[in-house]
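For reference, the structure is listed below as structure tokens.
In structure tokens form, the structure reads like this:
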């Protein structure tokens, strides 16, 4: 891909109100695996979708768009690879 | 030479004594760890980070938890396992608890283990090295050995914020000189949560390596991690105090530790993968964990320090020492600061001593000044200057900032080539910091969208007043002029306090001074009108000296009486408690009682710029600006000058060129003012005034000087001249032929060897070949003219010879 193209992964960051149970239920409903809370960020969860291509220059649609319509889902973002260098 | 001192004596706080001056550990590389025992006065050691001073006071990092955010940590390394903390560790890449690095043939994942050793390698275990905080707990987060995403960063930065005290990161966006990138939304939240809630509300400490892009002319302001107010941005210096090749400059750097430099500088030694030691760890990633370890010593001295207390202590204790930078300056609060090293080299002993007696700084206020949205065109080779009158949000007590900490400038610029931009910010006190320098490789057309530049250089200064933003566009290559750059919007975010950050430590004394009269004094009640300078608390009499409290300021006299005044008189300054206090004896006006806090001077004295002291005559390096009565600094490298642009004497190593001082360069090199270095001349030059073959002033062996160029053979229109100098040496150069010749063999008009078109070569001279070839064959008009010439023997006269060409010149 061109060097400035975004590379989308099969990981999502999701903000869901209502606690881990709600997050688990929503993950299940849309075929994600809930990998748990993102560090210490409250209400933020790490969702993983094994059937999505691991790295792609195109962002994923379909179910990944539908999940955002869930009332408890406040925000969702497909994770993009960031170039980070050891110094 | 070492005197054996049992390290156990260092585990409990103890003051140093002469007997303890030498410390010895049996770790294999201890004697090579110059950056810890630099004061051994061997190897020309110039100044050190006073690590041993902190150890001698009993601080070794006990009960402090540090984690390294990197490619993992070899937790079973013989120098690390003793202090390894599983609770401060995680494998984000593999989503498990074990941060062991992935081993491969290239040992790619050695970075985290190397950083960890610098912090907390065990002492006196006969293995490898001694960590600076060798009793601290050390963890590692494996997060760089896979795809890094915003979420990966956020997970790492917010790992166990109640357990981990210090996060050390030695990574970031590419330092290629063309990248502008920073934390995205989740990582930002992790930073913000960390400083608000981490360490039980005291705030997590994030230490960041400032960047290794020196060779790519990168600027650390383009790295949003190191540029953040939440991270402590660490720079590096070589043992010699010189700037290492990898170092990036920027205004957000807070402090510096040692790292490797040139070949002749000694190196940093640390733990390596596969249970080994290495001296290859270099760059700012060697410096950041050192800083993290020094901070760990300070946190052991006082675990209650907040994240801002730590930054204040660093600012107060870092020092310029022997670090060499062209831009060291003293800001209006008296701190020495530079774009290379921030406030200077860290001093561990000074830090633990400050930490021991530290009182929390007052709460942080954030003042977001209204944005300036006036669109301004940025023209090539021009400056856009925008002045903003800041109030420091004085109308809102919750946001009011008087004393500055970090200053952030949020800017939106469109521009056809981002790398051509450079940006400066000048504070109301006159401290200029460079927010961005030109970046040779940054060809991006994206400009800056709400990018936050940060400067620490105004730390301690007052916030209110005129802030000047200057944007320069210096095109480095041919560029379309059709779409000039535009400054779309900029705003200031001022961070700081509404009271002096160090005033709380003498709060009790001050309160005692501020309380009104005692009960004994209020024996008779006064019911008349009060002076207009009294506040709502009333008064005991009609005069301004009878107020119980003052509306504006109170002036205290020697006999202990006081009076309310609307303004402090000349020779007094107002402090944060509304008191007029006496200036130092030579000041006319001042901002504090010290002799270096004058703002104007008494008659006969001049204000010394940068030092704020009053002097009878300007010293070396300063000239008297008569209009303002200020001894202003001479230009850089000037020892003496008569005005801001006229040097009369230069500093050692410099020479006077016109009115300016330039570095004296060796033969065969010239001074490049842009890069501030001596650079080699073109190979054809022996000496030169600049780059390229055309700037030679003397030619190299085998080359001939032809005007300002050096050539192997003389060009057309030049002849080879050989002259013997006074010293008897043969000097060869190419000299220009007479203007009448096209080519020549020597000087003058009679040495031509060929002529330009329209001239004929006649006995070495070029004469005009007119249309008059032969008087007898000429056209009517010219033929009769030639006859006339011949008849009157006019051809004998030299000036007329060319009028009739061959007829005259050949036959006379």
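Residue numbers (this note's numbering), protein chains in the order written: chain B, 83 to 169; chain W, 2 to 813. Beta carbons are placed, not taken as given, at the ideal position from N, Cα and C, and that holds for glycine.
Ranges of the beta strand (DSSP E) found wholly within the segment 410-497 of chain W, counting only runs of at least 3: Runs of the beta strand (DSSP E) inside the segment 410-497 of chain W: 422-427, 433-437, 449-456 and 466-474.
Partners in chain B for residue 152 (chain W), counting only beta-carbon separations shorter than 8 Å: As a position in the second chain, residue 152 (chain W) is number 151, starting the count at 1. Against chain B, a Cβ distance below 8 Å from residue 152 (chain W) picks out 93, 95, 120, 128 and 161.
Whole runs of the alpha helix (DSSP H) within the segment 337-410 of chain W, excluding any shorter than 4 residues: Complete alpha helix (DSSP H) runs here, min 4: 349-357.
Contact set between residue 123 (chain B) and chain W, taken where Cβ atoms lie within less than 7 Å: Your numbering for residue 123 (chain B) matches position 41 in the first chain. Neighbourhood of residue 123 (chain B) in chain W, by CB distance below 7 Å: 155, 159, 187, 190, 191 and 194, in chain order.
Outcome for residue 681 (chain W) when other beta-carbon atoms lying within 10 angstroms are tallied against a minimum of 16: If you number the second chain from 1, residue 681 (chain W) lands on position 680. Its Cβ having fewer than 16 others within 10 Å, residue 681 (chain W) is exposed.
Per-residue DSSP class, three states only, for residue 541 (chain W): As a first step, residue 541 (chain W) must be located in the second chain, where it is residue number 540. Coil at residue 541 (chain W), not helix or strand.
CB contact below 7 Å: residue 167 (chain B) versus chain W: Within the first chain, residue 167 (chain B) is the residue found at index 85, counting from 1. It does; some Cβ of chain W falls within 7 Å.
Close-in-space but distant-in-sequence residues of the same chain around residue 281 (chain W) (CB under 6 Å, 5 per side omitted): Start at 1 with the first residue of the second chain, and residue 281 (chain W) comes out as number 280. Cβ neighbours of residue 281 (chain W) beyond the five flanking positions: none.
Residue range of the unbroken alpha helix (DSSP H) whose run includes residue 114 (chain W): Residue 114 (chain W) sits at position 113 when you count from the first residue of the second chain. Looking at the DSSP string, the run of the alpha helix (DSSP H) that includes residue 114 (chain W) is 112-121.
Interface flag, residue 92 (chain W) vs chain B, CB-CB below 7 Å: Translated into the one-based positions of the second chain, residue 92 (chain W) becomes position 91. Interface annotation, residue 92 (chain W): not in contact with chain B, CB-CB separation never under 7 Å.
Cutoff 7 Å: residue 562 (chain W) Cβ touching any chain B Cβ: To locate residue 562 (chain W), count along the second chain from 1; it is residue 561. Against chain B, the CB of residue 562 (chain W) has no partner CB under 7 Å away; the residue lies outside that interface.
Residue-chain proximity (residue 246 (chain W), chain B), Cβ-Cβ < 7 Å: The residue you call residue 246 (chain W) lines up with position 245 of the second chain. For residue 246 (chain W), the answer is no, since every Cβ of chain B falls outside 7 Å of its Cβ.
Contacting residues, own chain, Cβ-Cβ under 8 Å from residue 162 (chain B) (five flanking each side not counted): Mapped onto the first chain, residue 162 (chain B) falls at position 80. So the list reads 88, 89, 90 and 91, once near-sequence residues are dropped.
Contact under 7 Å by Cβ, residue 129 (chain W) with residue 69 (chain W): Residue numbering aside, residue 129 (chain W) sits at position 128 when the second chain is read from its first letter. Residue numbering aside, residue 69 (chain W) sits at position 68 when the second chain is read from its first letter. Contact flag unset, no.
Helix, strand or coil at residue 53 (chain W) [DSSP, three-state]: Here residue 53 (chain W) refers to the residue found at position 52 when the second chain is read from its first residue. Of the three classes helix, strand and coil, the one that applies to residue 53 (chain W) here is helix, per DSSP.
Beta bridge counterpart(s) of residue 173 (chain W) as assigned by DSSP: Along the second chain, one-based indexing puts residue 173 (chain W) at 172. Paired residues: B:167.
Cβ contact (3+ pairs, closer than 8 Å) linking the segment 196-205 of chain W and the segment 170-188 of chain W: Contact between the segment 196-205 of chain W and the segment 170-188 of chain W is not established, with fewer than three Cβ pairs separated by less than 8 Å.
Reference residue 228 (chain W); option with closest CA among W:457, W:582, W:79 and W:28: The sequence position of residue 228 (chain W) within the second chain is 227, counting from 1. Nearest neighbour of residue 228 (chain W) by Cα position, chosen from W:457, W:582, W:79 and W:28, turns out to be W:457.
Bounding residues of the beta strand (DSSP E) (the contiguous stretch that carries residue 233 (chain W)): Reading the second chain from its first residue, position 232 is the one you call residue 233 (chain W). Start and end: 232-238.
Interface residues of chain W facing residue 117 (chain B) [CB-CB closer than 9 Å]: In the first chain, residue 117 (chain B) corresponds to position 35, counting from 1. Within 9 Å Cβ-Cβ: 96.
Proximal residues to residue 377 (chain W) (C-beta, below 6 Å), its chain only, five neighbours per side dropped: In the second chain, the residue the question calls residue 377 (chain W) occupies position 376. Within the same chain, 385 and 488 come within 6 Å of residue 377 (chain W) by CB-CB distance, once the 5 residues on both sides are set aside.
Below-7 Å beta-carbon distance, residue 148 (chain W) vs any chain B residue: Position 147 of the second chain, counted from the first residue, corresponds to residue 148 (chain W). Among the residues facing chain B, residue 148 (chain W) is included, as its CB has a counterpart in that chain under 7 Å away.
Residue 285 (chain W): contacting residues in chain B (beta-carbon distance under 7 Å): The residue given as residue 285 (chain W) occupies position 284 in the second chain. Ordered by position in chain B, the residues that pass the 7 Å Cβ test against residue 285 (chain W) are 169.
C-beta neighbour in chain W for residue 154 (chain B), strict 7 Å: For this step, residue 154 (chain B) is matched to residue 72 along the first chain. No Cβ of chain W is located within less than 7 Å of the beta carbon of residue 154 (chain B).
Where the alpha helix (DSSP H) containing residue 327 (chain W) begins and where it ends: Translated into positions along the second chain, residue 327 (chain W) becomes position 326. Counted as a single uninterrupted DSSP element, the stretch harbouring residue 327 (chain W) is not any alpha helix (DSSP H), since DSSP gives it neither H nor E.
Environment of residue 757 (chain W) [buried if 16+ CB atoms lie within 10 Å]: For the purposes of this step, residue 757 (chain W) is taken as the residue at position 756 of the second chain. Counting Cβ neighbours within 10 Å, residue 757 (chain W) comes out exposed, since fewer than 16 surround it.
Spatial distance of residue 558 (chain W) from residue 575 (chain W) (CA atoms): Stepping through the second chain from its first residue, residue 558 (chain W) is reached at position 557. Stepping through the second chain from its first residue, residue 575 (chain W) is reached at position 574. Rounded to the nearest angstrom, the two C-alpha atoms are 15 Å apart.
Buried or exposed (CB count within 10 angstroms, at least 16 for buried), residue 308 (chain W): Numbered from 1 along the second chain, position 307 holds the residue referred to as residue 308 (chain W). By the 10 Å Cβ count, residue 308 (chain W) comes out buried.
CA-to-CA distance, residue 231 (chain W) to residue 216 (chain W), given in whole angstroms: Here residue 216 (chain W) refers to the residue found at position 215 of the second chain. Here residue 231 (chain W) refers to the residue found at position 230 of the second chain. Rounded to whole angstroms, residue 216 (chain W) to residue 231 (chain W) spans 27 Å at the Cα level.
DSSP three-state assignment for residue 89 (chain B), whether helix, strand or coil: Sequence index remark: in the first chain, residue 89 (chain B) carries index 7 (1-based). In this structure, residue 89 (chain B) counts as coil in the three-state DSSP scheme.
Contacts that residue 228 (chain W) makes with chain B (C-beta to C-beta distance below 8 Å): Indexing the second chain from 1 puts residue 228 (chain W) at position 227. By Cβ distance, chain B contributes nothing, its closest Cβ being about 14 Å from residue 228 (chain W), past 8 Å.
Inside the segment 87-158 of chain W only - beta strand (DSSP E) runs reaching at least 3 residues: Segments of the beta strand (DSSP E) lying fully in the segment 87-158 of chain W: 138-143.
Integer Cβ distance of residue 372 (chain W) from residue 314 (chain W), believed to fall under 8 Å: Residue mapping note: residue 372 (chain W) aligns to position 371 of the second chain, counting from 1. Residue mapping note: residue 314 (chain W) aligns to position 313 of the second chain, counting from 1. That pair is no contact at about 33 Å.
Within-7 Å CB hit, residue 171 (chain W) to chain B: Position 170 of the second chain holds residue 171 (chain W). Interface flag for residue 171 (chain W) against chain B is set, since a Cβ pair is found closer than 7 Å.
Partner residues on chain W for residue 111 (chain B), Cβ-Cβ distance less than 7 Å: Locating residue 111 (chain B) in the first chain gives position 29, where the first residue counts as 1. Proximity of chain W to residue 111 (chain B) at the Cβ level (cut-off 7 Å) is not reached, the minimal Cβ distance being about 21 Å.
Buried versus exposed call for residue 570 (chain W) [16 or more other C-beta atoms within 10 Å across all chains shown]: As a first step, residue 570 (chain W) must be located in the second chain, where it is residue number 569. The residue is exposed, with fewer than 16 neighbouring Cβ atoms inside 10 Å.
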